Amino acid sequence: MEGMCFTKKEDLQFALQGWSIINNVEYVIVASNRQKFTVVCAQSGRSDRPCIWRLHAGVSKRLGGIWKISSMKNQHTCATPILTTGHRQCNSQFISYFILPSIRRHMDLKPREIIGQIEAKFNIKVSYMKAWDARRKAVKIVFGSWEESYRTINLFMDAIVFSMPETVYKIQTSENHRFERLFFSFGPSIKGWSYCRPVLCLDCTFLLGKYRGTLLTAVGFDANNGLYPLALAIVES
14 MEGMCFTKKE
24 DLQFALQGWS
34 IINNVEYVIV
44 ASNRQKFTVV
54 CAQSGRSDRP
64 CIWRLHAGVS
74 KRLGGIWKIS
84 SMKNQHTCAT
94 PILTTGHRQC
104 NSQFISYFIL
114 PSIRRHMDLK
124 PREIIGQIEA
134 KFNIKVSYMK
144 AWDARRKAVK
154 IVFGSWEESY
164 RTINLFMDAI
174 VFSMPETVYK
184 IQTSENHRFE
194 RLFFSFGPSI
204 KGWSYCRPVL
214 CLDCTFLLGK
224 YRGTLLTAVG
234 FDANNGLYPL
244 ALAIVES
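With the working numbering as the guide, the letters of the sequence shown map in order to residues 14 to 250.
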């Protein structure tokens, strides 16, 4: 691993964690900041047979500010038992990076599916809560946080209006500018409504997640009796 380079520190940590898990060794962090990252074997503090493995990485100005593993001293000399129920480096942060490709393809990836992936790849059984927390972190990496989404909802709707000028929307907030309600109807839906049957159906469903709410829908029928979405609204439960 000595000499390997990484674009950012998170990529370095993920690679090192994966290497440690596959090789069934553990480490502890002794120094970590914006410029350097140093780890030693978890068995380095043993009084009888201390393992002297050590790895150091840092930001290389010569290479444009990327992270480089500058030294990896010695091989692991510790005898770690085969870990099947836990590993120091197999934490929720590592798992979240591992499942990123799966989350990008299937946002509804279940914690039990994550548990199965980790066991199949690394022969390690992780808890349901650790898998759930890893999924939460992965979703945040891919799609951003709930709070970021609410803060940028005006910009998001303005972008839709820019691409579909006849779109209309209305956002209601509280006195301290907290989101409360959103109504919107896409321009093409408004334009095509005059060609639909004179029937309008209203329905609602509960929204699940960190912030609950209710999704209201107004749906019509086109000339082929197909469902025609006209307008949607997000309101409090």
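We put the beta carbon where it would ideally sit given N, CA and C, even for glycine. None of the values given here were measured: they were computed from a predicted structure.
Which residue wins for smallest C-alpha separation from residue i, given the options the options?
{"i": "Tyr-224", "options": "Pro-124, His-100, Val-248, Asn-37", "result": "Val-248"}
{"i": "Arg-210", "options": "Leu-229, Arg-125, Asn-237, His-119", "result": "Asn-237"}
{"i": "Arg-125", "options": "Ala-172, Arg-148, Asn-104", "result": "Arg-148"}
{"i": "Phe-107", "options": "Met-120, Lys-86, Gln-130, Thr-90", "result": "Gln-130"}
{"i": "Asn-189", "options": "Val-212, Pro-242, Arg-164", "result": "Arg-164"}
{"i": "Val-139", "options": "Ser-109, Ser-162, Pro-114", "result": "Ser-109"}
{"i": "Pro-63", "options": "Tyr-141, Phe-169, Asn-136, Gln-88", "result": "Gln-88"}
{"i": "Trp-206", "options": "Asn-167, Leu-229, Gly-239", "result": "Gly-239"}
{"i": "Ala-144", "options": "Glu-161, Lys-123, Ser-162, Glu-193", "result": "Lys-123"}
{"i": "Ser-162", "options": "Leu-25, Asp-146, Phe-192", "result": "Phe-192"}
Can you give me the Cβ contacts of residue i inside the same chain, cut-off strictly under 7 angstroms, excluding the 5 residues immediately before and after it?
{"i": "Gly-226", "result": "Leu-220, Ile-247, Val-248, Glu-249, Ser-250"}
{"i": "Glu-15", "result": "Ile-82, Ser-84, Met-85"}
{"i": "Met-265", "result": "Any question about residue 265 goes unanswered here, given that the chain covers just 14 to 250."}
{"i": "Thr-20", "result": "Ile-79"}
Using C-beta distances below 6 angstroms, list every residue in its chain close to residue i, excluding the 5 sequence neighbours before and after it, in chain order.
{"i": "Lys-49", "result": "Gly-71"}
{"i": "Asp-235", "result": "Cys-209, Tyr-241"}
{"i": "Phe-259", "result": "Limits of the chain in this structure are 14 at one end and 250 at the other, which puts residue 259 out of reach."}
{"i": "Met-17", "result": "Ile-82"}
Starting from residue i, trace the beta strand (DSSP E) both ways and give me its first and last residue.
{"i": "Asp-216", "result": "213-220"}
{"i": "Arg-67", "result": "67-73"}
{"i": "Ser-83", "result": "79-86"}
{"i": "Ser-198", "result": "192-198"}
{"i": "Ser-176", "result": "From DSSP, Ser-176 is part of no beta strand (DSSP E) but of the alpha helix (DSSP H) over 166-176."}
{"i": "Ser-45", "result": "40-45"}
{"i": "Lys-153", "result": "Lys-153 -> not in any beta strand (DSSP E); alpha helix (DSSP H) instead, spanning 141-156."}
{"i": "Cys-54", "result": "49-54"}
{"i": "Pro-242", "result": "240-248"}
{"i": "Tyr-182", "result": "181-186"}
{"i": "Leu-229", "result": "226-234"}
If I measure Cβ to Cβ from residue i and keep anything under 8 angstroms in the same chain, skipping five residues before and after, which residues do I get?
{"i": "Thr-51", "result": "Ile-42, Val-43, Ala-44, Ser-45, Arg-67, Leu-68, His-69, Ala-70"}
{"i": "Lys-204", "result": "Glu-179"}
{"i": "Leu-213", "result": "Ala-231, Val-232, Gly-233, Leu-243"}
{"i": "Leu-113", "result": "Ala-151, Ile-154, Val-155"}
Using 10 angstroms around the beta-carbon of residue i, count the other beta-carbons present and answer buried if the total reaches 16, otherwise exposed.
{"i": "Lys-253", "result": "Outside the displayed span of the chain (14 to 250) sits residue 253, for which this structure offers no information."}
{"i": "Phe-156", "result": "exposed"}
{"i": "Gly-233", "result": "buried"}
{"i": "Leu-195", "result": "buried"}
{"i": "Ala-133", "result": "exposed"}
{"i": "Phe-169", "result": "exposed"}
{"i": "Trp-159", "result": "exposed"}
{"i": "Phe-175", "result": "exposed"}
{"i": "Val-181", "result": "exposed"}
{"i": "Ser-33", "result": "buried"}
I need the boundaries of the alpha helix (DSSP H) containing residue i, first residue and last residue.
{"i": "Gly-129", "result": "124-135"}
{"i": "Leu-29", "result": "22-35"}
{"i": "Gln-106", "result": "105-111"}
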